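Enquirer:
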Amino acid sequence: MQPKTSRRNFVKLAGAAAGAVALHPAMAPGVASAAAIRPGAVKPGRVPPYRVGKWLPSDQAFLDRWLAKQLQAVRENPQPLQPVVQEFQDLIESDAELFMYFHQMFEELPRSAQFLTTPTGDPQVRDYKEMLALISAILTTAPEFNKTGLVGFPINAILDWPMGTEGGFAAFLNDKVNAQLKKILNAWAVFLTSPASAYVLSDDPESGWFGRDAMAAMPGFADTFQCEPGQPHYGFTTWDDFFTRQFRDGQRPIAAPEDNGVIVNACESAPYKLATDVKFADQFWIKGQPYSLRHMLAGDPVAEQFVGGTIYQAFLSALSYHRWHSPVSGTIVKAEVIDGSYYSETPGEGFDPAAPNESQGYITGVAARGLILIEADDPRIGLMGFLSVGMAEVSTNDIRVYVGQHVNKGDETGMFHFGGSTHCLIFRPGVDLEFDLHGQEPGLESSNIPINARIANVKG
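Going by our numbering, the sequence shown opens with residue 23, and the numbers climb by one from there.
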């Protein structure tokens, strides 16, 4: 059986790839409301302690300097756009609605100092043509390491402020825009799976993934992960090969392998949210971002079975392990990739640089994601769901199991490629669970729980 793979995704989030825009009719009032995302709706003095999962720098000034450096390069040495990016420019300029949106998203930026970061007093990215030139340049680069903050979401960094405008919100929920973004991101994926992308897997002390600073951030790397330190690039052939690296045998033992009532962590991830009595449909885009089962499961009738149940969500780190394992032993009854979104943020966040942090719940209903339904061997659990959600740039939900397959707790079920990620475990009502979050409260300041470690057990 061929594994199911789909490229995509978010981090300020979303968009709506072909077909996915149908998930958003209830959001129309929010799009029209200037109060929701009005220019100037900045939360004064709010500086996020970090960007979730460390995919973007915690230091906004560092991100500004990074972007200024990229801009200087494309301004001093302009190059023809990559063909797929030229297609995007042609689309913008030939479609009246998109032409308007891509002008508005820059014109609507406030003129306050927070947004005027160039010596001339203009926003760093001045218009859609500069935006496209930057995107084109990125398609032949791979993420470098930086101890101040990995710019693992470079396209998101380019769009950081324009996404918070009314024009930006409308543009990045447009199905034609997202269809083209999918092509662009797939083109970047081709580079990231080629040997040319391995140039960042060097021992450069500051920017190399095996240099001094990176090794300090990933202590014990060679003992933890399968690699060959004596070979070029530690034996990895491409950026993606490195990103999807595997643990050495014995590094992540499976908790209580013979006890089907013990549920293990499906990803190496930090607890984000634990919700009970979840609804069939809810306003997932509002502050608090309640889960909306109908949209999370893309209209699948099975959503009805989980109404009133429990959802556990956790996020992965840029420096972590990006494969998924089965949280329970059972039989796969559904394995499906759901097309979704790219670059949109929750409308209530305005021009808040912390909006990626605040959009974790929102993306479960709009971003590209993978749905695996498992009929657990333990009848007290019964049918449960695993939902992988790609976060930004070229995240791919790569499902490696098929309907009818029996999996044991801890077996690999798939992986993320290229970008950040979050995931949910979905349980039916009546499943009496006792969660073990290893002494932590769910939230953005939580730390990774090892994959295969106990996170819950069935009571009774």
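Where is the CB? At the ideal position from N, CA and C, for every residue including glycine. All values derive from a computational prediction rather than experimental measurement.
1. Please state whether DSSP places ALA357 in a helix, a strand or coil.
2. So does the stretch 449 to 461 actually touch the stretch 248 to 258, counting three or more Cβ pairs closer than 8 Å?
3. With PRO464 and TYR343 assumed to form a contact (beta carbons below 8 Å), what rounded beta-carbon distance in angstroms separates them?
4. How big is the Cα-Cα spacing for LYS481 and ARG402?
5. Quick test of your reading: ILE160 and VAL286, contact by CB under 8 Å. State the CB separation rounded to the nearest angstrom.
6. Can at least three beta-carbon pairs, one atom from the stretch 303 to 320 and one from the stretch 433 to 444, be found at a separation below 8 Å?
7. Could you give the residue range of the beta strand (DSSP E) that holds ILE276?
8. Provide the residue span of the alpha helix (DSSP H) that contains TRP261, from first to last.
9. Can you confirm whether the stretch 271 to 285 touches the stretch 227 to 235 when touching is taken to mean that 3 or more C-beta pairs between the two stretches lie within less than 8 Å?
10. Within 8 Å, do at least three Cβ pairs link the stretch 213 to 227 to the stretch 110 to 122?
11. Rounded C-beta distance between ILE354 and VAL425? I'm assuming under 8 Å.
12. Only counting the same chain, and skipping five residues up and downstream in sequence, which positions put a Cβ closer than 7 Å to that of ALA244?
13. Since LEU501 is in the beta strand (DSSP E), which residue starts that stretch and which ends it?
14. Can you tell me which of SER348, ASP235 and ASP281 puts its alpha carbon nearest to the alpha carbon of LYS431?
15. For GLY352 versus ALA398, is the C-beta spacing smaller than 7 Å?
16. So, helix, strand or coil for TRP183, using DSSP?
17. I need the straight-line Cα distance from GLY362 to ALA340, nearest angstrom please.
18. Please report the distance separating the alpha-carbon of MET318 from that of GLY387.
19. Given this structure, state the Cα-to-Cα distance separating ALA192 from TYR123, to the nearest angstrom.
20. Between which residues of its own chain and ASP235 is the CB-CB distance below 7 Å, once the five residues before and five after are set aside?
21. Going by DSSP in three states, VAL329 sits in which element: helix, strand or coil?
22. Can you tell me whether GLU188 is buried or exposed, with buried defined as 16 or more other CB within 10 angstroms of its CB?
23. Whose C-beta lies closer than 6 Å to the C-beta of GLN104 among residues of the same chain, with five residues either side of it excluded?
Expert: Based on what the coordinates show:
1. Stepping through the sequence shown from its first residue, residue 357 is reached at position 335. DSSP, read as helix, strand or coil, puts ALA357 in strand.
2. At 8 Å Cβ cutoff, the stretches do not touch.
3. Against the sequence shown, residue 464 aligns to sequence position 442. Against the sequence shown, residue 343 aligns to sequence position 321. Between PRO464 and TYR343 a beta carbon distance of about 20 Å is seen, past the 8 Å cut, so the two are scored as non-contacting.
4. Locating residue 481 in the sequence shown gives position 459, where the first residue counts as 1. Locating residue 402 in the sequence shown gives position 380, where the first residue counts as 1. In this model, LYS481 and ARG402 are separated by some 9 Å (Cα to Cα).
5. Looking up residue 160 in the sequence shown gives position 138. Looking up residue 286 in the sequence shown gives position 264. So it is not a contact: roughly 37 Å between Cβ atoms.
6. In this structure the stretch 303 to 320 does not touch the stretch 433 to 444; the number of beta carbon pairs closer than 8 Å is below three.
7. Here the question's residue 276 lines up with position 254 in the sequence shown. Note, ILE276: premise wrong, no beta strand (DSSP E); not H, not E.
8. As a position in the sequence shown, residue 261 is number 239, starting the count at 1. Counting along the chain, TRP261 sits inside the alpha helix (DSSP H) bounded by residues 261 to 265.
9. Because the criterion of three Cβ pairs below 8 Å is not met, the stretch 227 to 235 and the stretch 271 to 285 do not touch.
10. No, the stretch 110 to 122 is not in contact with the stretch 213 to 227.
11. Numbered from its first residue, the sequence shown carries residue 354 at position 332. Numbered from its first residue, the sequence shown carries residue 425 at position 403. Between VAL425 and ILE354 the Cβ distance is about 6 Å, and since that is below 8 Å, they are a contact.
12. By one-based count along the sequence shown, residue 244 stands at place 222. The answer, listed in chain order, is PRO251.
13. Within the shown structure, residues of the chain are numbered from 23 to 482, placing residue 501 beyond reach of any answer.
14. The count along the sequence shown starts at 1 and reaches residue 431 at position 409. Comparing Cα positions, the closest option is SER348.
15. Within the sequence shown, numbered from 1, the residue matching residue 352 stands at position 330. Within the sequence shown, numbered from 1, the residue matching residue 398 stands at position 376. Against a cut-off of 7 Å, the Cβ pair of ALA398 and GLY352 comes out as a contact.
16. Mapped onto the sequence shown, residue 183 falls at position 161. It is coil, neither helix nor strand.
17. To locate residue 362, count along the sequence shown from 1; it is residue 340. To locate residue 340, count along the sequence shown from 1; it is residue 318. Approximately 22 Å between the Cα atoms of the pair.
18. Position 296 of the sequence shown, counting from 1, holds the residue named residue 318. Position 365 of the sequence shown, counting from 1, holds the residue named residue 387. The straight-line gap from Cα to Cα measures roughly 4 Å.
19. On the sequence shown, position 170 is the one that residue 192 refers to. On the sequence shown, position 101 is the one that residue 123 refers to. One C-alpha to the other measures close to 7 Å.
20. The residue given as residue 235 occupies position 213 in the sequence shown. Taking C-beta separations shorter than 7 Å and ignoring five residues to either side along the sequence, the partners of ASP235 in its chain run PHE167, LYS169, PRO227 and GLU228, following chain order.
21. Here residue 329 is taken as the residue at index 307 of the sequence shown, counted from 1. Note: VAL329 maps to coil in three-state DSSP.
22. As a working note, residue 188 is residue 166 in the sequence shown. Per the 10 Å Cβ criterion, buried.
23. Position 82 of the sequence shown, counting from 1, holds the residue named residue 104. The residues SER158 and LEU161, in chain order, have a CB closer than 6 Å to that of GLN104 in the same chain once the five nearest residues on each side in sequence are set aside.
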